[in-house]
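Heads up: the sequence shown begins at 3 in my numbering, then just goes up one per residue. Even glycine gets a Cβ: it sits at the ideal position worked out from N, Cα and C. These notes are about the structure you will find just below.
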Amino acid sequence: MLAEKLYLEGSSYAEGWNFGPVDTDVKSVGWIADRLSNLWGADASWNSVTSPKDPHEASFLKLDCSKANSKLGWKPLTDLSFALSSTVEWHRAYKDAADMKRKTLNQIQDYEKYYKVNNNVSNQ
Numbered sequence: 003m004l005a006e007k008l009y010l011e012g013s014s015y016a017e018g019w020n021f022g023p024v025d026t027d028v029k030s031v032g033w034i035a036d037r038l039s040n041l042w043g044a045d046a047s048w049n050s051v052t053s054p055k056d057p058h059e060a061s062f063l064k065l066d067c068s069k070a071n072s073k074l075g076w077k078p079l080t081d082l083s084f085a086l087s088s089t090v091e092w093h094r095a096y097k098d099a100a101d102m103k104r105k106t107l108n109q110i111q112d113y114e115k116y117y118k119v120n121n122n123v124s125n126q
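Shown next as structure tokens:
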């Protein structure tokens, strides 16, 4: 979308853009780490380590994707749950020395099915 606009309309689209989750999928880093650990299984864990010397970090950060939505009609095509589970599934297959070409092609098919079901697209 953005590449097409840049090609067709040039500099009026040459600016900063944010692309990220819908508001219902905005989660903390801790939530994401917990979810990834749970998806990976018993041999995964994480812990947060802080020090008084660490620089200040905001307790909540969120991308504002409203410009991409309004000017490009962009929206994420999957939800966070699908994205995280697909990512863990792919990396687990890689760790297990699976046929990654087959795994990747299967995941593309899974994505296409997910997209059609969640966006009411018929099989024409």
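Option in Gly12, Glu11, Asn20, Ile110 with minimal Cα separation from Ser72: Here residue 72 corresponds to residue number 70 of the sequence shown, with the count starting at 1. Among Gly12, Glu11, Asn20, Ile110, the Cα nearest to that of Ser72 is on Asn20.
Of the residues Ala35, Trp76, Lys64, the one placed nearest Thr26, counting alpha carbons only: For the purposes of this step, residue 26 is taken as residue 24 along the sequence shown, with counting starting at 1. Of the listed residues, the one whose Cα sits closest to Thr26 is Lys64.
Cβ neighbours of Ser39 in the same chain (closer than 7 Å, five flanking residues each side left out): Numbered from 1 along the sequence shown, position 37 holds the residue referred to as residue 39. Within the same chain, Ala46, Ser47, Trp48 come within 7 Å of Ser39 by CB-CB distance, once the 5 residues on both sides are set aside.
Given Val128 as reference, the closest of Arg104, Phe84, Ala100, His93 once Cα atoms are compared: Here the chain comprises residues numbered 3 to 126, so residue 128 is not present and cannot be evaluated.
Contact check, Gln2 vs Ser88, beta carbons under 8 Å: Any property of residue 2 remains undetermined from this structure, which presents the chain solely from 3 to 126.
Boundaries (first-last residue) of the alpha helix (DSSP H) holding Lys77: The residue you call residue 77 lines up with position 75 of the sequence shown. Segment: none, Lys77 is in no alpha helix (DSSP H) and carries neither H nor E.
Span separating the alpha-carbon of Thr80 from that of Asp112: The residue labelled residue 80 in the question sits at position 78 within the sequence shown. The residue labelled residue 112 in the question sits at position 110 within the sequence shown. Cα to Cα, the separation comes out at about 11 Å.
Given Trp42 as reference, the closest of Ser13, Arg94, Ile34, Pro57 once Cα atoms are compared: Here residue 42 is taken as the residue at index 40 of the sequence shown, counted from 1. Among Ser13, Arg94, Ile34, Pro57, the Cα nearest to that of Trp42 is on Arg94.
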